[in-house]
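Start counting the sequence shown at 22; every next residue gets the next number (UniProt numbering).
Note that the Cβ used here is the ideal one computed from N, Cα and C, for glycine as well.
Remarks on the structure that follows.
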Amino acid sequence: PLAASAPDARETFKALVVDAGKQGLISCDVKQVNAVGQLPRQDKEATATIRVRFSSLNYKDGMTVQGRPGVVTPPGKFPIVPGIDAAGEVVECSSGAFSPGDSVVVTGNKIGQHFDGGYAQRLRVKSEWLTLLPSTFTAEESMVIGTAGVTAMQCVMHLEEAGGLRPDKGEVLVTGAAGGVGSFAVAILAELGYEVVASSGRAEPLRGYFESLGARRVIGRLEPERRPLGQQLWAGVVDTVGGATLAAAVAQTKYRCGVASTGVAGAAEWSATVYPFILRGVRLLGVDSTLPCRVEGWPSDPASEEAYADERRRIWARLSSDLPKDKLRKVHGHTIGLEELPEWAGKILAGEVQGRVVVDLD
Ligand code: NDP
Numbered sequence: 022p023l024a025a026s027a028p029d030a031r032e033t034f035k036a037l038v039v040d041a042g043k044q045g046l047i048s049c050d051v052k053q054v055n056a057v058g059q060l061p062r063q064d065k066e067a068t069a070t071i072r073v074r075f076s077s078l079n080y081k082d083g084m085t086v087q088g089r090p091g092v093v094t095p096p097g098k099f100p101i102v103p104g105i106d107a108a109g110e111v112v113e114c115s116s117g118a119f120s121p122g123d124s125v126v127v128t129g130n131k132i133g134q135h136f137d138g139g140y141a142q143r144l145r146v147k148s149e150w151l152t153l154l155p156s157t158f159t160a161e162e163s164m165v166i167g168t169a170g171v172t173a174m175q176c177v178m179h180l181e182e183a184g185g186l187r188p189d190k191g192e193v194l195v196t197g198a199a200g201g202v203g204s205f206a207v208a209i210l211a212e213l214g215y216e217v218v219a220s221s222g223r224a225e226p227l228r229g230y231f232e233s234l235g236a237r238r239v240i241g242r243l244e245p246e247r248r249p250l251g252q253q254l255w256a257g258v259v260d261t262v263g264g265a266t267l268a269a270a271v272a273q274t275k276y277r278c279g280v281a282s283t284g285v286a287g288a289a290e291w292s293a294t295v296y297p298f299i300l301r302g303v304r305l306l307g308v309d310s311t312l313p314c315r316v317e318g319w320p321s322d323p324a325s326e327e328a329y330a331d332e333r334r335r336i337w338a339r340l341s342s343d344l345p346k347d348k349l350r351k352v353h354g355h356t357i358g359l360e361e362l363p364e365w366a367g368k369i370l371a372g373e374v375q376g377r378v379v380v381d382l383d
């Protein structure tokens with residue numbers, strides 16, 4: 022327990038708690054807490070306590086901070102501490118997998134969705150969910166990356182492994198390019214030598230930003246594709262938008278190339294034909310960054326938690342080698358405190374955020 026092993030057991034810590042009052046009114050307050058047990062949604066199987074230094078703001082966090090349905094499970098169950106990402110130091114770890122003082126990062130795993138997340142100065146999770154922070158990155162940099170960077174790297178790895186992605190096949194499309202996932206996808210693909218085309222609703226005002234990340238071309242949002250098979254344009258696609266954008270991207274993907282579907286910033290439903298799949302062998306690759314979950318109500322997977330921990334280590338190793346620091350700094354939009362989260366939650370949901378927002382908990 023924290024009280025026995027924290028640097029100072031009398032120390033209180035800050036946490037942002039979102040609650041739903043009567044008539045569904047949502048409250049979002051920064052509170053002083055004096056034990057992790059006082060936080061509302063602690064994981065009873067947790068084995069490690071983290072002193073959280075930084076977290077980040079993702080689209081999902083924006084939804085939870087505003088009390089919107091769709092992210093918190095069971096649906097609509099509040100109170101909860103949001104924050105799907107966290108970085109900091111291990112305070113104690115009863116499984117023995119980590120030592121006090123180890124710098125660690127955790128992304129996904131339903132923290133901030135099913136369990137209390139990173140918007141508190143203390144976090145308890147299963148030690149299998151932690152990754153030792155590569156020495157390449159500081160804790161703050163790891164939260165610039167956060168779920169967005171992990172997801173972008175996963176998309177690239179899926180496209181390489183199952184989508185036959187190779188630099189000599191032509192242009193690679195990234196949709197929702199100004200967002201967190203999109204920005205990192207542009208940066209990583211460009212670093213790997215791909216001809217990246219950034220598709221954005223803010224193509225003109227942000228042209229310089231996309232080019233600084235390495236985009237070869239910048240285009241507006243994709244128009245719906247009226248024909249089942251469009252012109253073959255893309256050697257790979259990272260799609261964060263969904264809906265008609267995903268349908269158009271699939272219809273324009275080259276023979277036996279891949280489309281990584283990871284986001285829903287535009288729409289969840291999409292209407293398409295099977296022709297790109299059966300006539301062009303296009304590969305549709307789903308990307309889920311939350312990784313394993315043995316939580317009621319969530320789809321589970323027979324793979325072991327250790328297999329996922331290994332996948333997470335491989336993703337962070339690839340981020341260390343394929344995401345240059347100067348690009349990472351360009352994607353870093355703002356650093357904010359817990360108190361500013363309600364305002365920034367509104368901005369990310371309105372599509373007004375460029376790059377990544379880090380939350381400083383110190
Ligand atoms: P951001 O809010 O940072 O970026 C989303 C981007 O999508 C915006 O910047 C905007 O880009 C574009 N966009 C916003 N609204 C619309 C719209 N109505 N139509 C078309 N494009 C729109 O979010 P993230 O990058 O953090 O996440 C992107 C998506 O990926 C979200 O849906 C998120 O839930 C999902 N996601 C999924 C994960 C997974 O594990 N599968 C993990 C992480 C995120 P622009 O201005 O350039 O057009």
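Cβ distance (whole Å) where residue i is taken to contact residue j below 8 Å
{"i": "A107", "j": "L144", "result": "5 Å"}
{"i": "residue 389", "j": "Q134", "result": "Here the chain has residues from 22 to 383 only, and residue 389 is not among them."}
{"i": "K52", "j": "S233", "result": "Their Cβ separation, rounded to whole angstroms, is 40 Å, which puts K52 and S233 out of contact at 8 Å."}
{"i": "Y276", "j": "Q253", "result": "7 Å"}
Closest residue to residue i among the options (Cα-Cα distance)
{"i": "W337", "options": "H353, D137, S156", "result": "S156"}
{"i": "E290", "options": "A269, G264, G302", "result": "G264"}
{"i": "R247", "options": "A208, R237, A256, A270", "result": "A270"}
{"i": "T137", "options": "F158, E66, I166, T152", "result": "The sequence shown places Asp at residue 137, rather than the Thr named in the question. Out of F158, E66, I166, T152, E66 has the C-alpha closest to the C-alpha of D137."}
{"i": "R335", "options": "T172, G203, R301", "result": "T172"}
{"i": "C278", "options": "G184, G122, V112", "result": "G184"}
{"i": "Q273", "options": "L194, S148, P345, A286", "result": "L194"}
{"i": "R238", "options": "G42, I101, G191", "result": "G191"}
{"i": "A118", "options": "V379, G139, T152", "result": "T152"}
{"i": "V102", "options": "I357, T68, R62", "result": "R62"}
{"i": "M174", "options": "A366, E225, D343", "result": "D343"}
Classification of residue i by the beta-carbon crowding that lies within 10 angstroms, buried from 16 upward
{"i": "A27", "result": "With a pLDDT of 45 at A27, under the threshold of 50, the modelled position of that residue is not reliable, and the figure given next carries that caveat. A27 is buried by the Cβ-count criterion."}
{"i": "D309", "result": "exposed"}
{"i": "A24", "result": "Because A24 carries a pLDDT of 40, less than 50, the predicted location of this residue cannot be relied on, and no value is offered for it."}
{"i": "V217", "result": "buried"}
{"i": "I299", "result": "exposed"}
{"i": "A208", "result": "buried"}
{"i": "E327", "result": "exposed"}
{"i": "P96", "result": "exposed"}
Bounding residues of the alpha helix (DSSP H) (the contiguous stretch that carries residue i)
{"i": "V112", "result": "Taken as a continuous stretch (DSSP letters only), V112 belongs to no alpha helix (DSSP H), being part of the beta strand (DSSP E) at 106–114."}
{"i": "I369", "result": "362–370"}
{"i": "V352", "result": "346–352"}
{"i": "F119", "result": "Taken as a continuous stretch (DSSP letters only), F119 belongs to no alpha helix (DSSP H), as it is neither H nor E."}
Three-state class that DSSP yields for residue i in the structure shown
{"i": "T274", "result": "strand"}
{"i": "S148", "result": "helix"}
{"i": "G307", "result": "strand"}
{"i": "A198", "result": "coil"}
{"i": "A67", "result": "coil"}
{"i": "S221", "result": "coil"}
{"i": "L267", "result": "helix"}
{"i": "V39", "result": "strand"}
{"i": "S204", "result": "helix"}
{"i": "G229", "result": "helix"}
{"i": "R62", "result": "coil"}
{"i": "V57", "result": "helix"}
{"i": "residue 16", "result": "An answer regarding residue 16 cannot be provided, because it is not within the stretch 22 to 383 covered by the chain."}
{"i": "E181", "result": "helix"}
{"i": "F75", "result": "strand"}
Residue i: first and last residue of the uninterrupted beta strand (DSSP E) it sits in
{"i": "H135", "result": "Neither: H135 is in no beta strand (DSSP E) and is coded neither H nor E."}
{"i": "Q53", "result": "47–54"}
{"i": "W255", "result": "255–260"}
{"i": "I240", "result": "238–240"}
{"i": "S156", "result": "Neither: S156 is in no beta strand (DSSP E) and is coded neither H nor E."}
{"i": "R377", "result": "377–381"}
{"i": "V86", "result": "That residue, V86, is in no beta strand (DSSP E); its alpha helix (DSSP H) goes 80–86."}
{"i": "S341", "result": "Premise fails: S341 lies in the alpha helix (DSSP H), 326–343, not in any beta strand (DSSP E)."}
{"i": "V126", "result": "124–128"}
Near ligand 2: residue i beta-carbon under 7 Å from a heavy atom
{"i": "V239", "result": "Inclusion of ligand 2 in the displayed structure is not the case, the ligand content consisting of ligand 1 alone."}
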